[in-house]
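In our numbering, the protein residues as written are 69 to 257.
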């Protein structure tokens with residue numbers, strides 16, 4: 069048997085390769101695309117781009133996806149396109165206490181950063197990789213000088229940079245609909 073190495077996007081079911089071209093989206097440019105109208109969008113394309121942009125690696129939509137970040141199923145009922153785009157383009161601007169990271173300064177020098185999963189009298193259990201939240205590390209409290217909340221989001225900026233305007237619209241439609249293929253935002257077959 070031969071072993072095939074998969075890239076991160078190949079591992080996520082349903083991912084499609086963005087057509088692009090790659091660009092560094094600014095909030096203003098992305099909001100202008102959203103404001104130009106998001107109707108008659110392609111559900112399958114939006115769902116595939118949710119996977120390809122690695123949103124699905126950390127975020128859940130209708131029971132599918134990761135758990136390192138917030139569930140996005142209800143996102144569209146609570147947030148505008150501008151809010152969504154700001155969270156995607158500038159993820160460190162607002163970080164949920166539940167999903168943020170902590171910096172652990174060690175008595176021996178240096179520091180370790182990760183999301184605290186649990187702690188007891190003796191140790192912290194942290195996750196350092198949002199793409200593999202089940203991989204944890206223990207830090208003994210006796211080795212820690214101090215801690216502070218990190219002002220940097222574990223979510224990487226620029227996750228939508230491979231997308232062109234039409235792909236961005238399909239992704240936003242998917243997010244706004246909460247992953248509902250029957251939503252009126254999608255064109256009927």
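The C-beta atom is built at its ideal place from N, Cα and C for all residues, glycine as well.
Short of 6 Å from the beta carbon of residue 128, and not among the five residues preceding or following it, lie these beta carbons of its own chain, in chain order: 139. Less than 8 Å divides the Cβ of residue 244 from the Cβ of residue 144.
In this model, residue 110 and residue 201 are separated by some 31 Å (Cα to Cα). Within its own chain, the residues whose Cβ lies closer than 7 Å to the Cβ of residue 251, once the five positions on either side in sequence are excluded, are 245, listed in chain order.
In this chain, the alpha helix (DSSP H) harbouring residue 242 covers 233 to 245.
Taken atom to atom, the span from the alpha-carbon of residue 195 to that of residue 206 is near 9 Å. Judged by their CB atoms, residue 175 and residue 208 are not nearer to each other than the 8 Å cut-off.
Of the other Cβ atoms in all chains shown, 16 or more fall within 10 Å of the Cβ of residue 238; this residue is therefore buried. Comparing C-alpha distances from residue 166 to each of 102, 221 and 225 shows the shortest one belongs to 221.
Just so you know, the alpha carbons of residue 179 and residue 204 end up roughly 16 Å apart. According to the DSSP assignment, residue 115 belongs to the alpha helix (DSSP H) that extends over 111 to 120. Under DSSP, residue 192 shares a beta bridge with 187 and 207. Residue 249 counts as exposed, since fewer than 16 other beta carbons sit within 10 angstroms of its beta carbon. Under the three-state reduction of DSSP, residue 90 is assigned to coil, being neither helix nor strand. For residue 149, the enclosing alpha helix (DSSP H) covers residues 149 to 157. A direct Cα-to-Cα measurement between residue 171 and residue 158 gives close to 20 Å.
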